[in-house]
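Chemist: Got a structure for you, questions after.
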Amino acid sequence: MNSNVTVTMDTQYLIDMVDEIVLIFDKTGTIVMGNKKVDEWLPCSRDEMVGKNVRFLKHENYTRGILTIEEVILRRETVFNNVLYSNGKLISYTGNPAFDEKGNFIGGVLTGRNMSYLVKLYREQTRNPGVTTDDELIGSSREIGLVRRQILNAAKTDAPVMILGESGTGKEVAARAIYKNSSRADKPCIAINCSAIPAELIEAELFGYEEGAFTGARKGGKKGLLESANGGTVFLDEIGTLPKHLQSKFLRVIQENKMMRVGGVHEIDLDIRYISATNLTLAQLRDENYFRQDLYYRLCVIPIQMPPLRQRTGDAEQLAAYFVDYFNRRYMKHTVLTEEVLELIRASNWPGNVRELRNIMERLVIAADDENLTAENYRLVTSIDAVEDDGLKTRLELNDVITLDAAYKMVDQVLISMAVQRAGSVKKAAQLLGINRSTLYRKIQEGGIAIDKTGQ
1 MNSNVTVTMD
11 TQYLIDMVDE
21 IVLIFDKTGT
31 IVMGNKKVDE
41 WLPCSRDEMV
51 GKNVRFLKHE
61 NYTRGILTIE
71 EVILRRETVF
81 NNVLYSNGKL
91 ISYTGNPAFD
101 EKGNFIGGVL
111 TGRNMSYLVK
121 LYREQTRNPG
131 VTTDDELIGS
141 SREIGLVRRQ
151 ILNAAKTDAP
161 VMILGESGTG
171 KEVAARAIYK
181 NSSRADKPCI
191 AINCSAIPAE
201 LIEAELFGYE
211 EGAFTGARKG
221 GKKGLLESAN
231 GGTVFLDEIG
241 TLPKHLQSKF
251 LRVIQENKMM
261 RVGGVHEIDL
271 DIRYISATNL
281 TLAQLRDENY
291 FRQDLYYRLC
301 VIPIQMPPLR
311 QRTGDAEQLA
321 AYFVDYFNRR
331 YMKHTVLTEE
341 VLELIRASNW
351 PGNVRELRNI
361 MERLVIAADD
371 ENLTAENYRL
381 VTSIDAVEDD
391 GLKTRLELND
401 VITLDAAYKM
411 VDQVLISMAV
421 QRAGSVKKAA
431 QLLGINRSTL
441 YRKIQEGGIA
451 IDKTGQ
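Using the working numbering, you'd call the opening residue of the sequence shown number 1 and step up by one each time.
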């Protein structure tokens with residue numbers, strides 16, 4: 001065998017001790033040596049691979065993972081690749097080039113980590129409904145690994161944490177992980193969405209009120225959310241939307257660990273760990289026009305930046321496999337991701353981040369007629385999100401105020417027409433919209449929606 005890589009029995013002994021797939025290849029792409037994990041994890045054995053060129057193996061379609069070797073030879077640099085096999089194995093590959101003392105390329109090493117434990121972890125968690133899954137923290141990228149380390153470090157203290165990131169990146173999941181790993185995990189955790197509570201009610205919701213504090217106040221008063229979380233953790237989601245007049249009051253609560261109900265005269269001692277989240281940038285948080293700076297520095301003792309999915313190299317495929325397994329169980333199906341769908345997933349920049357990916361995977365599983373999830377399936381379920389329809393944006397224009405019932409019917413007409421057109425049949429359109437076929441037929445009849453008879 002023509003090779004510049006020297007192989008000895010000692011080398012074989014050493015690579016057999018590695019708990020990852022190891023394949024050594026020469027500069028031509030010929031497989032020189034493999035370890036025991038190749039036989040355990042891959043659909044082909046070492047005997048079928050060693051001594052053969054990667055081009056032959058590609059022709060025989062043994063495994064897509066070894067095509068990483070071709071990329072290493074072509075680019076002369078480290079290459080990362082994730083492959084989901086039909087046997088359910090999810091392997092994260094790293095191909096590293098090797099050079100001699102003169103800098104000449106002589107071959108390299110392909111290693112592969114078995115990431116299938118992620119699916120196993122999910123299955124174990126579903127057996128115990130009391131355990132919350134941390135979907136958005138799944139992944140092997142450097143970025144999400146850094147977030148995990150920050151979470152574990154933050155959980156060791158009671159210092160306030162500020163979680164920053166775009167919508168859908170998993171800020172709430174990170175907050176839950178900090179709480180679950182903290183010394184307060186057995187105490188209450190109250191989540192407060194600052195943007196969801198009307199401005200005129202948020203003060204009473206946070207601090208509670210005494211009887212007679214205002215018109216309509218409950219007899220006997222009411223305990224606020226902060227008081228209910230005493231001894232535990234408060235998660236302040238969308239903290240950037242907290243009204244300015246409450247920011248100053250909230251600052252005093254954090255500084256003094258005391259609060260007073262609306263209309264009250266007695267202070268209540270508090271012992272609370274604060275975790276906040278916002279989609280504001282650091283620059284916005286440091287702008288007095290957006291947020292009180294003294295409150296920002298109180299809440300942002302430990303900042304954690306959640307990376308967008310487009311920056312988490314390789315994680316989208318792992319998350320997709322996880323969600324497909326999750327929704328297979330939920331909807332009692334047996335669908336399998338194909339390489340063509342994984343390629344489309346890799347090509348997307350996922351503006352809606354993990355939340356968008358989860359939504360698409362749910363649609364994909366629901367709408368699939370066959371076991372294999374194909375590119376056609378994928379394009380079908382994502383076409384409903386397209387902002388353009390025949391070159392024009394689909395809009396609902398209202399010239400006057402109408403009832404909500406009338407507005408719902410208008411939305412039904414637009415979405416149903418679009419779904420039937422995209423899906424090609426009422427059956428598939430119903431799956432796409434997440435409703436029963438009989439319900440869809442009823443809506444079509446009631447709304448007088450015209451559909452192509454061939455699409456029924």
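From the three backbone atoms N, C-alpha and C, an ideal C-beta is built for every residue, glycine too.
Quickly, what does DSSP pair glycine 112 with across the bridge? List them, please.
Modeler: Looking up residue 112 in the sequence shown gives position 112. Bridge partners of glycine 112: Ile21 and Tyr93.
Chemist: Using a Cβ-Cβ cut-off of 7 Å (strictly less than) and excluding sequence neighbours within five positions of leucine 392, which residues of its own chain qualify?
Modeler: The sequence position of residue 392 within the sequence shown is 392, counting from 1. Here the model assigns leucine 392 a pLDDT of 37, short of 50, so the residue's position is not dependable and the matter cannot be decided.
Chemist: Decide if the stretch 158-168 is in contact with the stretch 295-315; the criterion is three or more beta carbon pairs, one per stretch, under 8 Å apart.
Modeler: yes
Chemist: Could you please give the first and the last residue of the uninterrupted alpha helix (DSSP H) stretch that includes aspartate 39?
Modeler: Along the sequence shown, one-based indexing puts residue 39 at 39. In this chain, the alpha helix (DSSP H) harbouring aspartate 39 covers 36-41.
Chemist: In terms of residue numbering, what span does the alpha helix (DSSP H) encompassing tyrosine 296 cover?
Modeler: Locating residue 296 in the sequence shown gives position 296, where the first residue counts as 1. Per DSSP, tyrosine 296 belongs to the alpha helix (DSSP H) from 293-299.
Chemist: Cβ atoms of asparagine 35 and aspartate 47: under 8 Å apart, would you say?
Modeler: Taking the first residue of the sequence shown as position 1, residue 47 is located at position 47. Taking the first residue of the sequence shown as position 1, residue 35 is located at position 35. No, the Cβ-Cβ distance between aspartate 47 and asparagine 35 is not below 8 Å.
Chemist: Are isoleucine 144 and leucine 137 touching if we call contact CB-CB under 8 Å?
Modeler: The residue labelled residue 144 in the question sits at position 144 within the sequence shown. The residue labelled residue 137 in the question sits at position 137 within the sequence shown. Their beta carbons are under 8 Å apart, which means isoleucine 144 touches leucine 137 by this criterion.
Chemist: If contact is defined by three or more beta carbon pairs under 8 Å, each pair taking one atom from either stretch, is the stretch 330-346 in contact with the stretch 273-284?
Modeler: no
Chemist: Check the C-beta distance from glycine 232 over to lysine 187 and give it rounded, since I have them as a contact under 8 Å.
Modeler: If you number the sequence shown from 1, residue 232 lands on position 232. If you number the sequence shown from 1, residue 187 lands on position 187. Their Cβ separation, rounded to whole angstroms, is 3 Å, which keeps glycine 232 and lysine 187 in contact under 8 Å.
Chemist: Starting from the Cα of threonine 28, find the closest Cα among Leu282, Leu373, Arg184 and Gly108 and give me that residue.
Modeler: If you number the sequence shown from 1, residue 28 lands on position 28. Among Leu282, Leu373, Arg184 and Gly108, the Cα nearest to that of threonine 28 is on Gly108.
Chemist: If you draw a straight line from the C-alpha of phenylalanine 250 to the C-alpha of glutamate 200, how long is it?
Modeler: Within the sequence shown, residue 250 is the residue found at index 250, counting from 1. Within the sequence shown, residue 200 is the residue found at index 200, counting from 1. Looking at the two C-alpha atoms, the distance is approximately 16 Å.
Chemist: Secondary structure at valine 50, three-state DSSP: helix, strand or coil?
Modeler: Numbered from its first residue, the sequence shown carries residue 50 at position 50. The DSSP-derived three-state label of valine 50 is coil.
Chemist: What's the call for methionine 259, buried or exposed, on a 16-neighbour Cβ count within 10 Å?
Modeler: Here residue 259 refers to the residue found at position 259 of the sequence shown. So methionine 259 counts as buried.
Chemist: Straight-line CA distance for glutamate 210 to isoleucine 268?
Modeler: Residue numbering aside, residue 210 sits at position 210 when the sequence shown is read from its first letter. Residue numbering aside, residue 268 sits at position 268 when the sequence shown is read from its first letter. Roughly 13 Å separates the two Cα atoms.
Chemist: Considering only DSSP beta bridges, list what tyrosine 274 is partnered with.
Modeler: As a first step, residue 274 must be located in the sequence shown, where it is residue number 274. Note: tyrosine 274 sits in a beta bridge opposite Val234.
Chemist: Looking at the secondary structure, which residues open and close the alpha helix (DSSP H) in which asparagine 377 lies?
Modeler: As a first step, residue 377 must be located in the sequence shown, where it is residue number 377. Unbroken alpha helix (DSSP H) run through asparagine 377: 375-383.
Chemist: Since glutamine 305 sits in a beta bridge, which residues does DSSP pair it with?
Modeler: Along the sequence shown, read from residue 1 onward, the residue named residue 305 stands at position 305. In DSSP, glutamine 305 forms a bridge with Leu164.
Chemist: On the premise that glycine 424 lies in contact with asparagine 279, defined as a C-beta separation below 8 Å, what is that separation, rounded to the nearest angstrom?
Modeler: Within the sequence shown, residue 279 is the residue found at index 279, counting from 1. Within the sequence shown, residue 424 is the residue found at index 424, counting from 1. Asparagine 279 to glycine 424, Cβ: 38 Å. No contact.
Chemist: Between which residues of its own chain and glutamine 431 is the CB-CB distance below 8 Å, once the five residues before and five after are set aside?
Modeler: Position 431 of the sequence shown, counted from the start, is the residue given in the question as residue 431. For glutamine 431, where only same-chain residues beyond five positions count, the Cβ hits under 8 Å are Ile366, Ala367 and Ala423.
Chemist: Below 6 Å CB to CB, which residues in the same chain sit around leucine 84 once its five sequence neighbours on both sides are set aside?
Modeler: Mapped onto the sequence shown, residue 84 falls at position 84. Cβ within range, chain order: Leu90, Ala321 and Leu337.
Chemist: At what residues does the beta strand (DSSP E) containing isoleucine 192 begin and finish?
Modeler: As a working mapping, residue 192 is identified with position 192 in the sequence shown. Counting along the chain, the beta strand (DSSP E) containing isoleucine 192 begins and ends at 189-193.
Chemist: Leucine 137 by DSSP, collapsed to three states: which one?
Modeler: Your numbering for residue 137 matches position 137 in the sequence shown. Correct three-state label for leucine 137: helix.
Chemist: Which of helix, strand or coil does DSSP assign to alanine 159?
Modeler: Within the sequence shown, numbered from 1, the residue matching residue 159 stands at position 159. Coil, per DSSP.
Chemist: Distance, Cα to Cα, threonine 374 vs methionine 361?
Modeler: As a position in the sequence shown, residue 374 is number 374, starting the count at 1. As a position in the sequence shown, residue 361 is number 361, starting the count at 1. Each residue's alpha carbon lies about 12 Å from the other.
Chemist: Could you tell me if methionine 332 is buried or exposed, where buried requires 16 or more neighbouring beta carbons within 10 angstroms of its beta carbon?
Modeler: Your numbering for residue 332 matches position 332 in the sequence shown. That one is exposed.
Chemist: Is it right to say tyrosine 13 is buried, meaning 16 or more other beta carbons lie within 10 angstroms of its own, or is it exposed?
Modeler: What you label residue 13 is simply residue 13 of the sequence shown in a count that begins at 1. Exposed: under 16 other Cβ atoms inside 10 Å.
Chemist: Leaving out five residues on either side along the sequence, give the residues of the same chain with a beta carbon under 8 Å from the beta carbon of serine 228.
Modeler: Stepping through the sequence shown from its first residue, residue 228 is reached at position 228. Pro188 and Ile190.
Chemist: When the Cα atoms are used, what is the spatial distance from glutamate 288 to alanine 316?
Modeler: Sequence index remark: in the sequence shown, residue 288 carries index 288 (1-based). Sequence index remark: in the sequence shown, residue 316 carries index 316 (1-based). When only Cα atoms are considered, glutamate 288 and alanine 316 end up about 36 Å apart.
Chemist: Please determine whether the Cβ atom of lysine 102 lies at a distance below 7 Å from any heavy atom of the ligand SAM.
Modeler: Annotation note on the ligand SAM: not contained in the displayed structure, which lists no ligands.
Chemist: List the whole-angstrom C-beta distance separating asparagine 53 from threonine 68, where the pair is believed to meet the contact cut-off of C-beta under 8 Å.
Modeler: One-based indexing of the sequence shown puts residue 53 at position 53. One-based indexing of the sequence shown puts residue 68 at position 68. At roughly 15 Å, the Cβ-Cβ gap does not stay under 8 Å, so asparagine 53 and threonine 68 are not in contact.
Chemist: Could you check the C-alpha separation between asparagine 257 and tyrosine 297 for me, to the nearest Å?
Modeler: To locate residue 257, count along the sequence shown from 1; it is residue 257. To locate residue 297, count along the sequence shown from 1; it is residue 297. Going by the C-alpha atoms only, they are around 16 Å apart.
Chemist: For threonine 30, which three-state DSSP category applies?
Modeler: Position 30 of the sequence shown, counting from 1, holds the residue named residue 30. Threonine 30: strand per DSSP, three-state reduction.
Chemist: Return the CA-CA distance between glutamine 445 and valine 262, expressed in angstroms with no decimal places.
Modeler: Translated into the one-based positions of the sequence shown, residue 445 becomes position 445. Translated into the one-based positions of the sequence shown, residue 262 becomes position 262. Taking the straight line joining both Cα atoms gives about 53 Å.
Chemist: Taking the continuous alpha helix (DSSP H) assigned at asparagine 81, which residues delimit it?
Modeler: For the purposes of this step, residue 81 is identified with residue 81 of the sequence shown, where counting begins at 1. Counting along the chain, asparagine 81 falls outside any alpha helix (DSSP H), though it belongs to the beta strand (DSSP E) covering 79-84.
Chemist: Taking the DSSP output, what are the residues bridged to glycine 208?
Modeler: The residue labelled residue 208 in the question sits at position 208 within the sequence shown. Lys223.
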